[in-house]
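Read through the structure below, which is laid out as structure tokens, and then see the notes.
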Amino acid sequence: MNNDTALGNWAHGLAKELWPFPRSLTGHGVRQTLDVLTREIPNLERHRVSTGYRAFDWEVPREWNLKRAWIETPDGSVICDTDHNNLHVVGYSLPTDQTLSLDALKNHLHADPGQPDAVPYVTSYYADAWGFCLSQNQLADLPDGEYRAVIDATLEPGHLDYADLILRGETEQEIVFSTYLCHPSMANNELSGVVVASALARIVAAMPRCRYTYRFVFVPETIGTLVYLSTRHDHLKRHVAAGFVLTCVGDERGRSYLASRWEDTLADRIALAAIAETGKSYDRYSFVNRGSDERQYCAPGIDLPFCSVMKSRYGTFPEYHTSNDNLEFVTPKGLAESIAVHRRMIQLLEESRRPKANVLGEPQLGRRGLYNNLSHKGSATGSRLMLDVLAYADGSWDIMELSDIIGADVDAVSDAVDSLTAHGLLA
Amino acid sequence: MNNDTALGNWAHGLAKELWPFPRSLTGHGVRQTLDVLTREIPNLERHRVSTGYRAFDWEVPREWNLKRAWIETPDGSVICDTDHNNLHVVGYSLPTDQTLSLDALKNHLHADPGQPDAVPYVTSYYADAWGFCLSQNQLADLPDGEYRAVIDATLEPGHLDYADLILRGETEQEIVFSTYLCHPSMANNELSGVVVASALARIVAAMPRCRYTYRFVFVPETIGTLVYLSTRHDHLKRHVAAGFVLTCVGDERGRSYLASRWEDTLADRIALAAIAETGKSYDRYSFVNRGSDERQYCAPGIDLPFCSVMKSRYGTFPEYHTSNDNLEFVTPKGLAESIAVHRRMIQLLEESRRPKANVLGEPQLGRRGLYNNLSHKGSATGSRLMLDVLAYADGSWDIMELSDIIGADVDAVSDAVDSLTAHGLLA
Amino acid sequence: MNNDTALGNWAHGLAKELWPFPRSLTGHGVRQTLDVLTREIPNLERHRVSTGYRAFDWEVPREWNLKRAWIETPDGSVICDTDHNNLHVVGYSLPTDQTLSLDALKNHLHADPGQPDAVPYVTSYYADAWGFCLSQNQLADLPDGEYRAVIDATLEPGHLDYADLILRGETEQEIVFSTYLCHPSMANNELSGVVVASALARIVAAMPRCRYTYRFVFVPETIGTLVYLSTRHDHLKRHVAAGFVLTCVGDERGRSYLASRWEDTLADRIALAAIAETGKSYDRYSFVNRGSDERQYCAPGIDLPFCSVMKSRYGTFPEYHTSNDNLEFVTPKGLAESIAVHRRMIQLLEESRRPKANVLGEPQLGRRGLYNNLSHKGSATGSRLMLDVLAYADGSWDIMELSDIIGADVDAVSDAVDSLTAHGLLA
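Chains as they are written, first to last, in our numbering: chain Y, 91 to 517; chain C, 91 to 517; chain E, 91 to 517.
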């Protein structure tokens, strides 16, 4: 069992622990989640802003805390109980406790006739409303009569919580992995990103040296990201070399790549190179199909080079935003595959120098022991890769491009660069 | 009967009225034409320069005024009578009244054996000469004997006349339509341009608001255009966003597009977008095939972004520069089709902003009533186009490009931009 | 017999004369070669640097002078005699005279089992060693016993010799042809370059006028080129418009093109245009396949626009670096074909202006006698090429590009440019 398989198992276990917390934009479900992450990720730093905080065009809403929500049917049984599944309540529902007819109740019930077995995921962050979600089958079976709807929740001034981890490397250039924690029990479209980010944080923390500084961001989607950017945009604009949104990285179906707005940033090139190396097909999406926090990172004026490598892209799988997006759909194997491709992306990033020759003309490799001094037909073969690297080392090509030009393996090119650098021939 | 059909009929009627005037580079035929246009196009401004005026490498020639030219045959009958068809005289012929043998006369007769029924169109603006044009069939039938050739004309210092119309819009950026009036009775390769330009001037004048300022130019071809540019080049260089030469826009055969020298100016892109929307095939010509006033507008150093959307391109149809280029070849339907495509080009130009977001990150559409506050799978569909526009609104893409990127209709994108601008979200 | 055929014969004769001289990086073989070239190429200038001279990362080694080397076999016969074939000694062998067993001798013998009839070419410039080269067949037949190995040579402080010829043209912009003289009896991979360079020097010297200044460089490969660049790099960086390495230009097999590092320099474009005109297929190689002095000229930091037009590329033909690379493999016909294509490259270079119009708008060709003043359908045909050239003469296109755009022959475009320039219409 290799390292990524072990990390995939670990990540799935972590997702199971985080599953029941009632995450939303704000509230104790987010804090419970961050408590667990703080335990698992050394040096994770927690931050918060207050209700009313302005982030660009947005304002942080009141904090919503759900104790429990349920419906009592005419025969006294309890349905839509959030103690059983926290998708049953519309996110950010106003507190209520009222008795009402089935017809009146139906104005507050949400089901998806297209997936009659699944409970849909519905929120109402920015409009005063309350409601319950249930399967279409359950809805159809509800008898007439008086119902009691109880939402035992508070919606009061409070905070929006988030966290980040910065692992400093040899340079101030940053690689960012960003994921979100605001959906309650949703496995692929939430927890998979959180746990893969956690696994990558462990991988980077264990690397003996890093050229790049790595930043891991855990925020509520959209508003949390805007809050995060509101005080860090200038810094990120100056330092981010590449960024990746982690979401929908846990199922076992195909792989997807969602391009940045520019389509050719370092982030895009690294993502495509790592995917290509897997030798497996993938779905390529333009930024038009964006759907997660790249919407903010790549927004005009924000202009950060983010793209996304997913398994099934959000919105394309039937389980999306339903109770079927669960920890059977997300598997240790699916998580391990995403950890593996992102680990390779990190490795390619670390290798991604643009070497520049220190010497005018070819250097004399012979006196450095890098060239066969007895010259005959074929004698240069062993030195050819080094000579090829030197021949193109004008500072304009990075390792992946050199690999393409020369027709040699990326890692072999990187090794040649290391060797030439050690001999003082490359800057 | 739609608006363009009505304008096509009106334009054809106008062409009929202009048909008999003996237009040339100079003289009363041009002035008669401008008199009619002044009546039809409110605010058309007339201009003139004198013989000897220098325009770049050229000098305005003497003014040529033809009263009548004809040949008396040995049997006393009259042929090549310009009262019957003003193509019978070589343009700018010196005045003459002489009797000469058929052989001597033949040095002054022009016919086209390739089109034995047609009278060819011949001019001699810049060399002292005189001559007559007739069909090859008529030429072949001429009996031996003494002929009298009479050209009752004057060639004296005078003026070169031209006109323009400027319709001011909200900005000083200009769209130019240029056409020429120096060919006598020629329908496609002269009058079609004049009457379509007149129709477009009426269309623009009736528009409730224009972002662009529109300039319509009526000049003798080549030297008139150079005269026009000689005092306006600096202004045009600063202000012209796109220009179009109107010529050969009246027949019912295919459509042609002649690219600017750069091939990718706003003019080219607008022309191609409007043609593409018609869904019909067209012939694409590079600037190598130029033949009208784009020769001056796009000349090195002049460098104005002009292209041309025609029906049959000059030089490619057999009627070209013969008496067969008449008002049966040019039809109301052909003119209406050209009016329609140029009307659409104007509309696309008016829509062709490069929107730029006013807000960092996605704005909160919900509180502006532009987004469904109850969020569930599929709830964003209605706002998707606006979000897509915002996501790419970095000031570098215009409406047509956004339409391509997003995969939405140009007009729908334009509407979304209007709406977002009204809400202060786009600059 | 055309001029190039005659030059091919002359070049082959010159190669025969140069064949026996024991060329190496240094020594009297190089000087003998330069003596002959000085006789054949008027104004060839000779230069030298001393042992120990530093050229970038390299140091000029001691001068090696071979009198004679041979092996005496146990039965007293003489083999590997350099008086018979100077490939028999490893280049830069230390002097020696010793008796040793066959087994001990074999450590100093080089043969190529893959080509059992041929003597391979081996050098050891930068490591102290000595050795002999012989065919695998001869090696296999050597009887046991005592051998005497004699290398009568000196390896002492001295000089590295080279030469160049500068033919000044109307501008200081330079075209460089560079070839090398450090291989002993090798015909394609040495002498073909030397004699074709000599032929081209004669061609350029005989040209009545040149826009460009031409530089012909004769140097030992690699270190000689670096020595050459060490004092001339700044000058060459400022003045070289295009450069070509001449090597492997004498066989009768296919043609090869080796691109510069940038692939689209003037050198590349000229080479490809001349090759295309031959109508024959060729092998195209990227700079990854480089192997001669373009390794230095195109090195990062040196950055000179060099490419190479060869017959069979070095390393790809079995005769390469063996005694089979001889003057039967290289033929007068093969040399003549290379002279012809390089002569055409020179002609294309001389024609390669980027014309720029002197006049705004089209000039009036008529009053200059360049246009038919009697204008009728088709009358402009004769002037069309001149008008096309003027239409694109914005200073950004050169003759070859104009030829492509306009669809006319390069030489016809060049003639039109000459004519328009003579009339003051082009700068």
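A virtual CB, placed ideally from N, CA and C, is assigned to each residue, including glycine.
Since the structure is predicted, the reported quantities are computational estimates derived from the model, not experimental observations.
| Check | Outcome |
| --- | --- |
| DSSP three-state assignment for N414 of chain E, whether helix, strand or coil | coil |
| Other residues of its chain near V240 of chain C: CB distance less than 6 angstroms, five sequence neighbours each side excluded | W160, D187 |
| Reduced DSSP secondary structure (H/G/I, E/B, other) of L245 of chain Y | strand |
| Close beta carbons around M91 of chain Y, own chain, < 7 angstroms, minus the five adjacent residues each side | With a pLDDT of 47 at M91 of chain Y, under the threshold of 50, the modelled position of that residue is not reliable, and no figure is offered here. |
| Test item: CB-CB of T303 of chain C and R258 of chain C under 8 angstroms | yes |
| Residues near L281 of chain E by beta carbon distance below 6 angstroms, same chain, minus five either side | A105, L108 |
| Proximity of Y284 of chain E and F267 of chain E at Cβ, strictly below 8 angstroms | Reading off the sequence, residue 284 of chain E comes out as Val, not Tyr. Not in contact: V284 of chain E and F267 of chain E (Cβ atoms no closer than 8 angstroms). |
| Neighbour-count burial assignment, N55 of chain Y, 16 or more Cβ in a 10 Å radius | Since the first and last residues shown for chain Y are 91 and 517, residue 55 of chain Y lies out of range. |
| Three-state class that DSSP yields for M91 of chain C in the structure shown | Caution is warranted here: a pLDDT of 47 is assigned to M91 of chain C, below 50, making its placement in the model unreliable, and no coordinate value can be reported. |
| Cα-Cα separation between G320 of chain Y and F146 of chain Y, rounded to whole angstroms | Here the sequence assigns Ser to residue 320 of chain Y, which means Gly is not the residue at that position. Computed Cα separation, rounded: 7 angstroms. |
| CB contact below 8 angstroms: L281 of chain Y versus chain E | no |
| Start and end residues, alpha helix (DSSP H) containing K327 of chain E | 313-329 |
| At least three beta-carbon pairs within less than 8 angstroms, the stretch 367-380 of chain Y to the stretch 338-348 of chain Y | yes |
| Counterpart residues of K446 of chain E in DSSP-defined beta bridges | E:D484 |
| Cutoff 8 angstroms: S350 of chain C Cβ touching any chain E Cβ | no |
| Counted within 10 angstroms of its Cβ, other Cβ atoms place V335 of chain E as buried (16 or more) or exposed | buried |
| Between the CA atoms of A349 of chain C and Y375 of chain C - distance to the nearest angstrom | 6 angstroms |
| Chain E within 8 angstroms of A483 of chain Y, Cβ atoms only | yes |
| In chain order, each alpha helix (DSSP H) run of at least 4 residues that lies wholly inside the stretch 164-228 of chain Y | 192-196 |
| Neighbour flag for R457 of chain Y against chain E, beta carbons, 8 angstroms | yes |
| Identity of the residue in E:D488, E:A357, E:P310, E:R328 nearest G117 of chain E by Cα | E:P310 |
| Any chain C beta carbon closer than 8 angstroms to Q454 of chain E | yes |
| Limits of the unbroken alpha helix (DSSP H) element including T128 of chain C | 118-130 |
| Test: L460 of chain E CB closer than 8 angstroms to a CB of chain C | no |
| Assigned secondary structure, G103 of chain C (DSSP; H/G/I helix, E/B strand, else coil) | helix |
| Where R380 of chain Y falls, given that 16 or more other Cβ within 10 Å makes a residue buried | buried |
| Spatial neighbours of E135 of chain E in its chain, beta-carbon cut-off 8 angstroms, leaving aside the 5 residues before and after | A253, D254, L255, I256 |
| Members of the stretch 358-387 of chain C near chain Y, C-beta cut-off 7 angstroms | none |
| Interface residues of chain E facing F57 of chain C [CB-CB closer than 7 angstroms] | There is no way to answer for residue 57 of chain C, as the model of chain C reaches only from 91 to 517. |
| M297 of chain C versus W100 of chain C - alpha carbon distance | 19 angstroms |
| 8 angstroms Cβ cutoff, A243 of chain E in contact with chain Y | no |
| Where M400 of chain Y sits in the DSSP three-state scheme | strand |
| Assigned secondary structure, D147 of chain Y (DSSP; H/G/I helix, E/B strand, else coil) | coil |
| Sheet register partners of W160 of chain E (DSSP bridge) | E:V240 |
| Own chain, CB closer than 6 angstroms to T315 of chain Y, minus 5 neighbours either side, in chain order | V309, D383, Q386 |
| Cβ separation of T421 of chain E and A208 of chain E, assumed to be a contact under 8 angstroms, to the nearest whole Å | Rounded, the Cβ-Cβ distance is 19 angstroms, inconsistent with contact. |
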